[in-house]
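> My questions will all concern the structure given below.
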Amino acid sequence: MSATLEKSTSNGSEKSETTEEQQAKISEIRKLVGPLPEKLAIYCSDAAISRYLRARNWNVKKATKMLKETLKWRAEYKPEEIRWEEIAHEGETGKIYRANYADKHGRTVLVMRPSCQNTKSTKGQIRYLVYCMENAILNLPPDKEQMVWLIDFNGYNLGHTSMKVTRETAHVLQDHYPERLGVAILYNPPKFFEPFWKVVKPFLEPKTQKKVKFVYSDDPSSKKIMEDLFDMEKLESAFGGNDDSGFNISNYAERMREDDKRMPAFWTRGNPQSAARLQPMPTLSIVLNSINLNSDSNGSDNGKVDSSPSHVSDSETLSPNGCLLVNVGSDNDTREIH
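Here you go:
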């Protein structure tokens, strides 16, 4: 395998040129997946397939399995059909919301405040998380694939963490939104995070280590991290910026309702049909039958990049509810670091 495989650049944008080997792997996966209904086919663009390949170190068999599982999940869960009114009660406290500014690279910013957890329903919390992820992706510029997480630990304690929600969060983010995280800012994290990070860090690839930034309001070097990433005039004062307007649920709800109107067109952006002429999706049984999860047995195992067992691929997750979740080996072996 070529040593010059393209990877995501630091500003969350994929290089425009791809190697012939990369394109061949993308084409191979598309053949292994087979024909798909329109709403799922749009999730199999070159850029989307590349994210799954990067998450599995360009191993075709593993990336195909991962992608097929996501397609099955999307067919059943229909994340693009969730609307604000369904999950508005989960967002009332501002525990997760899309900021009204981007970082200096144009990436969507999701603000997360674990201490603002306001419900006990695992199903409801995960559905809201999925809505926020879909909304963040909706608002990414065409040339960007990744987002920024700003995690505010003000007022946080372990009582705000649910193990069940943490595990489900890990599953959804790792398996269905690979390579979507550009950088995670842990703002004023509690001191007990640091020793766990030192234990976990050697298991992560260097590119993943660089995505997690510990930032403290009383540290001058932390201020530079924020200044390099954000326009301080637009950044919220809670993160050291100059905007003290704060989270307003009424204003945010209106923004989300407007975004909801754009979602159907977004899911036809790569297709010849317009949103107005979108045909009904085939029945669920037809969709699921078109995704054979066992048809990748002949997929290539060759072409891995950095397959050393001492590191894991970039599919580990930093949970919005305050746990560091790391895939430390097999696809399903996730450990929770508190």
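Residue numbering for the sequence shown follows the UniProt record's numbering, starting at 1 and increasing by one per position.
Positions of the beta carbon are idealized from the N, C-alpha and C atoms, including for glycine.
Since the model is a prediction, treat every value here as computed from it, not as a measurement.
(1) Is it buried or exposed for residue 316, if we count other Cβ within 10 angstroms and need 16 for buried?
(2) Is the beta carbon of residue 235 closer than 9 angstroms to that of residue 213?
(3) Taking the straight line between their C-alpha atoms, what separation do you get for residue 31 and residue 245?
(4) Does DSSP put residue 28 in a helix, in a strand, or in coil?
(5) So, does the stretch 170-189 touch the stretch 138-154, judging by three or more C-beta pairs under 8 angstroms?
(6) Mapping DSSP to helix, strand and coil, what is residue 213?
(7) Excluding the 5 residues preceding and the 5 following residue 130 in the sequence, name in chain order all residues of the same chain whose CB lies nearer than 8 angstroms to its CB.
(8) Please confirm if residue 169 has its CB atom under 9 angstroms from at least one CB of chain D.
(9) Pick out whichever of 180, 118, 206 has its Cα sitting closest to the Cα of residue 94.
(10) Could you round the C-beta distance between residue 340 and residue 211 to whole angstroms and report it? I think they count as a contact, below 8 angstroms.
(11) Relative to the C-alpha of residue 115, which residue among 155, 101, 57 is closest?
(12) Would DSSP call residue 124 helix, strand or coil?
(13) On the DSSP bridge list, what partners appear for residue 256?
(14) So the candidates are 180, 201, 230, 54; which of them puts its Cα closest to the Cα of residue 102?
(15) What's the call for residue 218, buried or exposed, on a 16-neighbour Cβ count within 10 Å?
(16) Starting from the C-beta of residue 307, find all residues in its chain whose C-beta is less than 7 angstroms away, skip the five residues before and the five after it, and write them out in chain order.
(17) In terms of alpha-carbon separation, which member of 97, 55, 33, 134 lies closest to residue 264?
(18) Let me confirm a value: residue 176 is counted as buried when at least 16 other C-beta atoms fall within 10 Å, else exposed. Which label applies?
(19) On the CB-based measure, 16 or more other CB atoms within 10 Å of its CB, does residue 313 come out buried or exposed?
(20) Would DSSP call residue 282 helix, strand or coil?
(21) Just reading off the beta strand (DSSP E) that residue 63 is part of, what are its end residues?
(22) Can you tell which of 59, 73, 62, 27 has the C-alpha that lies nearest to the C-alpha of residue 39?
(23) What three-state label does DSSP hand residue 93 in the structure shown?
(24) Leaving out five residues on either side along the sequence, give the residues of the same chain with a beta carbon under 8 angstroms from the beta carbon of residue 97.
(25) In this structure, does DSSP put residue 145 in helix, strand or coil?
(26) State yes or no: is the C-beta of residue 97 nearer than 8 angstroms to some heavy atom of the ligand GDP?
(27) For a quick check, are the C-beta atoms of residue 41 and residue 52 less than 9 angstroms apart?
(28) Hey, quick one: how far does the beta strand (DSSP E) through residue 169 stretch, first residue to last?
(29) Just the Cα atoms here: how many angstroms apart are residue 138 and residue 254?
(30) Run through DSSP, which three-state label would residue 98 get?
(31) Whole angstroms are fine: how far does the CA of residue 122 sit from the CA of residue 164?
(32) Helix, strand or coil for residue 110, going by three-state DSSP, please let me know.
(33) For residue 19, does the three-state DSSP call read helix, strand or coil?
(34) Looking only at its chain, what residues have a beta carbon closer than 6 angstroms to the beta carbon of residue 179, apart from the 5 residues adjacent to it on each side?
(35) My assumption, with CB atoms under 8 angstroms, is that residue 107 sits in contact with residue 147. Please give the rounded CB distance.
Let's see:
(1) On the sequence shown, residue 316 is found 316 positions in, with the first residue counted as 1. Caution applies to residue 316, whose pLDDT of 49 falls short of 50 and renders its modelled position unreliable; the value that the coordinates give is listed next. Label assigned to residue 316: buried.
(2) Taking the first residue of the sequence shown as 1, we reach residue 213 at position 213. Taking the first residue of the sequence shown as 1, we reach residue 235 at position 235. Cβ atoms of residue 213 and residue 235: not closer than 9 angstroms.
(3) Looking up residue 31 in the sequence shown gives position 31. Looking up residue 245 in the sequence shown gives position 245. Each residue's alpha carbon lies about 50 angstroms from the other.
(4) By one-based count along the sequence shown, residue 28 stands at place 28. Residue state, collapsed to three classes: helix.
(5) yes
(6) Here the question's residue 213 lines up with position 213 in the sequence shown. Here residue 213 sits in strand by DSSP.
(7) Locating residue 130 in the sequence shown gives position 130, where the first residue counts as 1. So the qualifying residues of the chain are 77, 79, 82, 172.
(8) No chain D is part of this structure, which consists of one protein chain only.
(9) Residue numbering aside, residue 94 sits at position 94 when the sequence shown is read from its first letter. Looking at the Cα atoms, 118 is the closest of the given residues.
(10) With the chain covering 1 to 338 only, the question about residue 340 has no answer from this structure.
(11) Here residue 115 corresponds to residue number 115 of the sequence shown, with the count starting at 1. Here the closest residue by C-alpha is 155.
(12) Residue numbering aside, residue 124 sits at position 124 when the sequence shown is read from its first letter. In the structure shown, residue 124 sits in a helix (DSSP, three-state: H, G or I).
(13) On the sequence shown, residue 256 is found 256 positions in, with the first residue counted as 1. Paired residue(s): none; residue 256 is not in a bridge.
(14) Numbered from 1 along the sequence shown, position 102 holds the residue referred to as residue 102. Looking at the Cα atoms, 230 is the closest of the given residues.
(15) In the sequence shown, counting from the first residue as 1, residue 218 sits at position 218. Exposed, because fewer than 16 other Cβ atoms sit within 10 Å of the Cβ of residue 218.
(16) Along the sequence shown, read from residue 1 onward, the residue named residue 307 stands at position 307. Here the model assigns residue 307 a pLDDT of 34, short of 50, so the residue's position is not dependable and the matter cannot be decided.
(17) Residue numbering aside, residue 264 sits at position 264 when the sequence shown is read from its first letter. Answer by Cα proximity: 134.
(18) If you number the sequence shown from 1, residue 176 lands on position 176. Classification of residue 176: buried, given that the 10 Å Cβ count is 16 or more.
(19) Mapped onto the sequence shown, residue 313 falls at position 313. Low confidence applies here, because residue 313 scores a pLDDT of 46, under 50, leaving its location unreliable and the question unanswered by this model.
(20) Position 282 of the sequence shown holds residue 282. Here residue 282 scores only 45 on pLDDT, less than 50, and its place in the model should not be relied on; the value that follows carries that caveat. Three-state DSSP puts residue 282 in coil, outside helix and strand.
(21) If you number the sequence shown from 1, residue 63 lands on position 63. Looking at the DSSP string, residue 63 is not in any beta strand (DSSP E); the run it does join, the alpha helix (DSSP H), is 60-77.
(22) Numbered from 1 along the sequence shown, position 39 holds the residue referred to as residue 39. It is 73 whose Cα lies nearest to the Cα of residue 39.
(23) Start at 1 with the first residue of the sequence shown, and residue 93 comes out as number 93. Residue state, collapsed to three classes: coil.
(24) Along the sequence shown, one-based indexing puts residue 97 at 97. Within the same chain, residue 97 has close Cβ partners 91, 110, 111, 132, 247, 252.
(25) Indexing the sequence shown from 1 puts residue 145 at position 145. Here residue 145 sits in coil by DSSP.
(26) In the structure shown, the ligand GDP is absent, as is every other ligand, since no ligand is present at all.
(27) Walking along the sequence shown from the start, residue 41 turns up at place 41. Walking along the sequence shown from the start, residue 52 turns up at place 52. No, the Cβ-Cβ distance between residue 41 and residue 52 is not below 9 angstroms.
(28) In the sequence shown, residue 169 corresponds to position 169, counting from 1. No beta strand (DSSP E) contains residue 169, which is instead part of the alpha helix (DSSP H) from 163-176.
(29) Here residue 138 is taken as the residue at index 138 of the sequence shown, counted from 1. Here residue 254 is taken as the residue at index 254 of the sequence shown, counted from 1. If I take the Cα positions, the gap works out to 16 angstroms.
(30) On the sequence shown, residue 98 is found 98 positions in, with the first residue counted as 1. If DSSP states are grouped into helix, strand and coil, residue 98 belongs with the strands.
(31) Numbered from its first residue, the sequence shown carries residue 164 at position 164. Numbered from its first residue, the sequence shown carries residue 122 at position 122. Answer to the nearest angstrom: the Cα atoms are 7 angstroms apart.
(32) Numbered from 1 along the sequence shown, position 110 holds the residue referred to as residue 110. Three-state DSSP puts residue 110 in a strand.
(33) As a working mapping, residue 19 is identified with position 19 in the sequence shown. Coil at residue 19, not helix or strand.
(34) The sequence position of residue 179 within the sequence shown is 179, counting from 1. 51, 54, 55.
(35) As a first step, residue 107 must be located in the sequence shown, where it is residue number 107. As a first step, residue 147 must be located in the sequence shown, where it is residue number 147. Correct: roughly 5 angstroms between the Cβ atoms.
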